[in-house]
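Heads up, the thing below is written out as C-alpha cells.
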Amino acid sequence: MAFEAAQKKMEEAGASPLAIEVFTRYAQQVAQGATGLIPEETIEPITEVESAEDFARGVSPEAARDALSKTVMLKLNGGLGTSMGLDHAKSLIPVRAGKTFLDIICAQVQAARAEYGVRLPLIFMNSFRTRDDTLAALPDDIAVDGLPLDFVQGKEPKLLVDSLEPVNWPADPSLEWCPPGHGDIFTTLSDTGLVDTLLEQGFEYMMTSNADNLGASPSAEIAAWFAQSGAPYAPEVCLRTAADRKGGHLARRKSDGRVILRDTAQTPDDQMEYFTDEHRHPFFHTNNLWFNLKALSALLHETHGLVGLPLIRNRKHVNPTDKTSPEVYQLESAMGAIVASFDGSQPVLVPRSRFLPVKTTNDLLTLRSDAYELTPQGRLELVVPAAPVVDLDKQYFQFVADFDERFPTVPSLKETRTFTVRGDWHFTAGVAFSGDVELSGSGALRAVENRA
Numbered sequence: 160m161a162f163e164a165a166q167k168k169m170e171e172a173g174a175s176p177l178a179i180e181v182f183t184r185y186a187q188q189v190a191q192g193a194t195g196l197i198p199e200e201t202i203e204p205i206t207e208v209e210s211a212e213d214f215a216r217g218v219s220p221e222a223a224r225d226a227l228s229k230t231v232m233l234k235l236n237g238g239l240g241t242s243m244g245l246d247h248a249k250s251l252i253p254v255r256a257g258k259t260f261l262d263i264i265c266a267q268v269q270a271a272r273a274e275y276g277v278r279l280p281l282i283f284m285n286s287f288r289t290r291d292d293t294l295a296a297l298p299d300d301i302a303v304d305g306l307p308l309d310f311v312q313g314k315e316p317k318l319l320v321d322s323l324e325p326v327n328w329p330a331d332p333s334l335e336w337c338p339p340g341h342g343d344i345f346t347t348l349s350d351t352g353l354v355d356t357l358l359e360q361g362f363e364y365m366m367t368s369n370a371d372n373l374g375a376s377p378s379a380e381i382a383a384w385f386a387q388s389g390a391p392y393a394p395e396v397c398l399r400t401a402a403d404r405k406g407g408h409l410a411r412r413k414s415d416g417r418v419i420l421r422d423t424a425q426t427p428d429d430q431m432e433y434f435t436d437e438h439r440h441p442f443f444h445t446n447n448l449w450f451n452l453k454a455l456s457a458l459l460h461e462t463h464g465l466v467g468l469p470l471i472r473n474r475k476h477v478n479p480t481d482k483t484s485p486e487v488y489q490l491e492s493a494m495g496a497i498v499a500s501f502d503g504s505q506p507v508l509v510p511r512s513r514f515l516p517v518k519t520t521n522d523l524l525t526l527r528s529d530a531y532e533l534t535p536q537g538r539l540e541l542v543v544p545a546a547p548v549v550d551l552d553k554q555y556f557q558f559v560a561d562f563d564e565r566f567p568t569v570p571s572l573k574e575t576r577t578f579t580v581r582g583d584w585h586f587t588a589g590v591a592f593s594g595d596v597e598l599s600g601s602g603a604l605r606a607v608e609n610r611a
C-alpha cells in the first residue's frame, strides 16, 4: 500500500504517531478523490467586521499592559523562500540597513518589553530546514526563562501524483520531504505540550503571525481588545484592494453557519472571479491570529490533536526549480482554518500597516525603498500616502541574488505610484523616480541615473 510506505518513511524519520495519523487522514482523502476545493455556492461572504482601531481609542494604559503581560508572540518561520532562490531561512534576508527579518522581529519584541515592562516571550515555529540558521542568528537576551525559543514543525513525504507512493529522489533526498503547511502547528503543539506549559506560567493569550510579515508587531491595544472580547480565537483581517486578490478570505459556510477560511488553492479554477472580487469578499486574511490559550488547550485535549483542518492539496514538482521533475502532491493545511473549530470566533479589522509580507522581490524592493522608514522600535512606517506598486521582470529579478546584483543601491521610490521593470536593468546610486514608471528594453544591462 502506498500509505504504508509513506507511514514507514515517516516513522523511520522520527515522526510522532499523531503526525503520521494526521498525514494518513489527508492521504486517504486524496485517494478518495478529495480536492479540498470550497465552491462559491457553498459559502456566503462576510461583509462586516469589528474594527480594532475604533476599540483602541478607549483602551486604558493599564488594560493594555495587563493584556500584553499575559501574551506570547509566536512566529511561523518554516519557509526557505525557495521561490526567491534561497536555500536558507527566508527570515535571514536583509530588509533595511543590513537588518534581517529576525533582527527586526527581535527589536519589536524588545521594544514592547521595555515600554510595557512585560516578559512577552518570543517563540519560533521552525522547520527542519530553518531551525539551525534561525537559532544561530538570535540574540542571547531574547529567550524567556522556562520557555523554549522554538519548536520544530513536522515533515511529511511528497507523494507521486500518479501512484500516491512517496517520491524517491536520490539527487537530493531532502526534496522528498515537505512541511505539512502551518496548520501542522496544532499537531506539534499537541506533541510538545507547549500550550499547557504557557498556561502554567500564567500566560492566557498567544498571537501568531508569519515571520516575513513585519507589520505584525506586538500590539498591546489589540491584546486588550482580544482579552475584553472573550473570544476563543480572532483572526486579523484587512480591507481588500485590487492588489490583494490572491489573499485568502473568510466566509460563512452555508451548511452550518460556521466561519471558515478559503485560500486560493481551495477555489475552483472556474470560480476565481468570485475569489478575487474585492467587493464580494471585502476582507482578506492576514494570518495574524489571536488564541485564547485555555480555549486552544481544551480543543487540543478534546480532539487529541486531530483538529481536522480542511485539506489543501498542492500539486508541485519534486524539485521546485526543475519543471521536468516528477509531479507530486504536497498535503497541507492552513492554521487559520481553525476558525471553524471554535464557537464564537471573532475576526477583527486592522489597519493595512499590520500586513507587510514579503513574498516576492517586488515586496522586498518596496520595503527597502524610501517609501518606508524603520523606527528605533523596529516598526516599518509608510512615509507617503500609499506604497508604490512594484512589478519586476521575473526573468531577471525573481531570485534575491539576481535582485541584489541589479539593485546594489535602492532607488528613491517615495514619489512613485507604480514602478514596472521589463528587461535586464541595473540601477546605480542616486536614482530617483516619480509618478508611474515603466522601464522596458532588451537583454543588455542599462544604467538608470535620471528621474523618470
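Just so you know, my numbering puts 168 at position 9 of the sequence shown, and the rest follows in order with no gaps.
Virtual Cβ for every residue (Gly too), placed ideally from N, Cα, C.
*In the DSSP assignment, find the unbroken alpha helix (DSSP H) run with residue 381 in it and report its ends.*
Translated into the one-based positions of the sequence shown, residue 381 becomes position 222. Segment 379–388, the alpha helix (DSSP H) holding residue 381.
*Can you give me the start and stop residues for the beta strand (DSSP E) that residue 504 sits inside?*
Looking up residue 504 in the sequence shown gives position 345. No beta strand (DSSP E) contains residue 504, which DSSP labels as neither H nor E.
*asked:* With three or more C-beta pairs closer than 8 Å as the rule, is the segment 463–476 touching the segment 423–441?
replied: Enough Cβ pairs lie closer than 8 Å, so yes.
*Any idea what DSSP makes of residue 434, helix, strand or coil?*
To locate residue 434, count along the sequence shown from 1; it is residue 275. Reduced to three states, the DSSP call for residue 434 is helix.
*CB contact flag (residue 419, residue 496, <8 Å)*: Your numbering for residue 419 matches position 260 in the sequence shown. Your numbering for residue 496 matches position 337 in the sequence shown. Result yes, Cβ atoms of residue 419 and residue 496 sit closer than 8 Å.
_Does the contact criterion of 3 or more C-beta pairs under 8 Å hold for the segment 396–413 versus the segment 236–253?_
Too few Cβ pairs lie closer than 8 Å, so no.
*Can you name, in chain order, every residue of its own chain whose Cβ lies under 6 Å from the Cβ of residue 185, other than the five neighbours on each side?*
Numbered from 1 along the sequence shown, position 26 holds the residue referred to as residue 185. For residue 185, where only same-chain residues beyond five positions count, the Cβ hits under 6 Å are 470 and 490.
*Got a sec? Which residues, its chain only, sit under 7 Å from residue 274 by beta carbon, not counting five neighbours each side?*
The sequence position of residue 274 within the sequence shown is 115, counting from 1. Around residue 274: no qualifying Cβ.
_If I follow the unbroken alpha helix (DSSP H) through residue 264, where does it start and stop?_
To locate residue 264, count along the sequence shown from 1; it is residue 105. From DSSP, the alpha helix (DSSP H) with residue 264 extends over 260–275.
*Separation of residue 580 from residue 598, as counted between CA atoms*: Here the question's residue 598 lines up with position 439 in the sequence shown. Here the question's residue 580 lines up with position 421 in the sequence shown. Taking the Cα positions, residue 598 is about 5 Å away from residue 580.
*Which residues in the same chain have their Cβ closer than 6 Å to the Cβ of residue 306, if we skip the five residues on either side of it in sequence?*
In the sequence shown, counting from the first residue as 1, residue 306 sits at position 147. Counting only Cβ-Cβ distances below 6 Å, and skipping sequence neighbours, we find 280.
*By the 10 Å Cβ neighbour count, where 16 or more other Cβ atoms means buried, how is residue 610 classified, buried or exposed?*
Counted from its first residue, the sequence shown places residue 610 at position 451. Because the pLDDT of residue 610 is 47, which lies under 50, any placement of that residue in the model is unreliable, and the question is left without a value.
*Distance, residue 372 Cα to residue 254 Cα*: For the purposes of this step, residue 254 is taken as the residue at position 95 of the sequence shown. For the purposes of this step, residue 372 is taken as the residue at position 213 of the sequence shown. C-alpha separation (whole angstroms): 11 Å.
*Less than 8 Å separating the beta-carbons of residue 396 and residue 435?*
Mapped onto the sequence shown, residue 396 falls at position 237. Mapped onto the sequence shown, residue 435 falls at position 276. No; because the gap between Cβ atoms is not below 8 Å, this pair is not in contact.
*What are the start and end residues of the alpha helix (DSSP H) that includes residue 200?*
As a working mapping, residue 200 is identified with position 41 in the sequence shown. Element bounds for residue 200: n/a, residue is neither H nor E.
*Opening and closing residue of the alpha helix (DSSP H) in which residue 222 lies*: To locate residue 222, count along the sequence shown from 1; it is residue 63. Note, residue 222: alpha helix (DSSP H), 220–228.
_Tell me which residues share the same chain as residue 360 and place their Cβ nearer than 8 Å to its Cβ, disregarding the 5 neighbours each side in the sequence._
Walking along the sequence shown from the start, residue 360 turns up at place 201. Taken in chain order, the residues that qualify are 305 and 306.
*By Cβ distance, which residues of its chain are closer than 6 Å to residue 182, with the 5 residues on each side in sequence left out?*
Working through the sequence shown from its first residue, we reach residue 182 at position 23. Excluding residues within five positions, the ones whose Cβ falls inside 6 Å are 315.
*Would you list, in sequence order, the uninterrupted beta strand (DSSP E) runs of no fewer than 3 residues that lie entirely inside the segment 287–328?*
Entirely contained in the segment 287–328, the beta strand (DSSP E) runs reaching 3 residues are, in chain order, 309–311.
*Residue span of the beta strand (DSSP E) that contains residue 442, given as start and end*: Counted from its first residue, the sequence shown places residue 442 at position 283. Residue 442 -> beta strand (DSSP E) spans 442–451.
*Are residue 283 and residue 323 closer than 8 Å when you measure CB to CB?*
Looking up residue 283 in the sequence shown gives position 124. Looking up residue 323 in the sequence shown gives position 164. The Cβ atoms of residue 283 and residue 323 lie no closer than 8 Å to each other.
*Skipping 5 residues on each side, what residues in its chain have a beta carbon closer than 6 Å to that of residue 404?*
Here residue 404 is taken as the residue at index 245 of the sequence shown, counted from 1. Taken in chain order, the residues that qualify are 435.
_At the level of alpha carbons, what is the spacing between residue 217 and residue 504?_
For the purposes of this step, residue 217 is identified with residue 58 of the sequence shown, where counting begins at 1. For the purposes of this step, residue 504 is identified with residue 345 of the sequence shown, where counting begins at 1. Distance between the alpha carbons of residue 217 and residue 504 is about 22 Å.
_For residue 162: DSSP bridge partner residues_ = Working through the sequence shown from its first residue, we reach residue 162 at position 3. DSSP, once it has assigned bridges, lists no residue as partnering residue 162.
*Look up residue 250 in the DSSP assignment and say whether it is helix, strand or coil.*
Start at 1 with the first residue of the sequence shown, and residue 250 comes out as number 91. Residue 250 carries a helical assignment under DSSP once its states are collapsed to helix, strand and coil.
*Are the beta-carbon atoms belonging to residue 393 and residue 227 less than 8 Å from one another?*
Taking the first residue of the sequence shown as 1, we reach residue 393 at position 234. Taking the first residue of the sequence shown as 1, we reach residue 227 at position 68. A distance of 8 Å or more separates the beta carbons of residue 393 and residue 227.
*Going by CA-CA distance only, name the one from 209, 219, 205 and 566 that's closest to residue 383.*
Against the sequence shown, residue 383 aligns to sequence position 224. Ranking 209, 219, 205 and 566 by Cα distance to residue 383 puts 219 first.
*Whose CA, out of 289, 272 and 311, lies closest to the CA of residue 303?*
The sequence position of residue 303 within the sequence shown is 144, counting from 1. Shortest Cα-Cα distance from residue 303 to any of 289, 272 and 311 involves 272.
*CB residue 527 to CB residue 374, shorter than 8 Å?*
Residue 527 sits at position 368 when you count from the first residue of the sequence shown. Residue 374 sits at position 215 when you count from the first residue of the sequence shown. No; because the gap between Cβ atoms is not below 8 Å, this pair is not in contact.
*Looking only at C-alpha atoms, which of 517, 204 and 165 sits nearest to residue 439?*
Reading the sequence shown from its first residue, position 280 is the one you call residue 439. Considering only alpha carbons, the answer is 204.
*Could you tell me which residues DSSP pairs with residue 632 in its beta bridges?*
The structure shown does not extend to residue 632, since the chain is modelled only from 160 through 611, so no value can be given for it.
_Residues sharing a beta bridge with residue 550, DSSP_ = For this step, residue 550 is matched to residue 391 along the sequence shown. BP columns for residue 550 point to 579.
*Residue range of the alpha helix (DSSP H) that residue 357 falls in?*
Taking the first residue of the sequence shown as 1, we reach residue 357 at position 198. Per DSSP, residue 357 is one residue of the alpha helix (DSSP H) stretching across 353–359.
*List the DSSP bridge partners of residue 392.*
The count along the sequence shown starts at 1 and reaches residue 392 at position 233. Beta-bridge pairing links residue 392 to 450.
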